[in-house]
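*Asks:*
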Amino acid sequence: MLPAKDFAQVNKKEIIALSSVKVFSTHEIITTIPVENDNFLKVQIGETYRKTLSELLSR
888 MLPAKDFAQV NKKEIIALSS VKVFSTHEII TTIPVENDNF LKVQIGETYR
938 KTLSELLSR
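Offset between the sequence shown (1-based) and our numbering: plus 887.
1. According to DSSP, simplified to helix, strand and coil, what is T919?
2. With distances taken Cα to Cα, identify the nearest neighbour of K929 among I917, K909, T935.
3. Do the CB positions of I932 and N898 come within less than 9 Å of each other?
4. Which value, in whole angstroms, describes the spacing of the CA atoms of E923 and K938?
5. Which two residues bound the contiguous beta strand (DSSP E) that contains K929?
Laid out in structure tokens, this is it:
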């Protein structure tokens with residue numbers, strides 16, 4: 888089990904470390920995790936998890 892204060896579920900399949908969040912919008916999170924072509928990993932936020940994530944990241 889991952890510590891709830893450090894990790895959050897963003898959709899049915901994905902959980903991310905809150906420390907890896909670079910940009911948060913209503914539909915996606917851009918992380919600090921590099922991927923190909925000097926871009927960063929983008930994760931779609933599920934409708935079910937949007938409110939909880941917003942509360943966690945606004946602290």
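Positions of the beta carbon are idealized from the N, C-alpha and C atoms, including for glycine.
None of these values were measured; they are calculated from a predicted model.
*Replies:* Taking the definition as stated:
1. Residue 919 sits at position 32 when you count from the first residue of the sequence shown. The answer is strand: DSSP assigns T919 an E or B state.
2. On the sequence shown, residue 929 is found 42 positions in, with the first residue counted as 1. Among I917, K909, T935, the Cα nearest to that of K929 is on I917.
3. Numbered from 1 along the sequence shown, position 45 holds the residue referred to as residue 932. Numbered from 1 along the sequence shown, position 11 holds the residue referred to as residue 898. Against a cut-off of 9 Å, the Cβ pair of N898 and I932 comes out as a contact.
4. For the purposes of this step, residue 923 is identified with residue 36 of the sequence shown, where counting begins at 1. For the purposes of this step, residue 938 is identified with residue 51 of the sequence shown, where counting begins at 1. In a straight line, the C-alpha of E923 is about 30 Å away from that of K938.
5. For the purposes of this step, residue 929 is taken as residue 42 along the sequence shown, with counting starting at 1. Taken as a continuous stretch (DSSP letters only), the beta strand (DSSP E) holding K929 covers 926-931.
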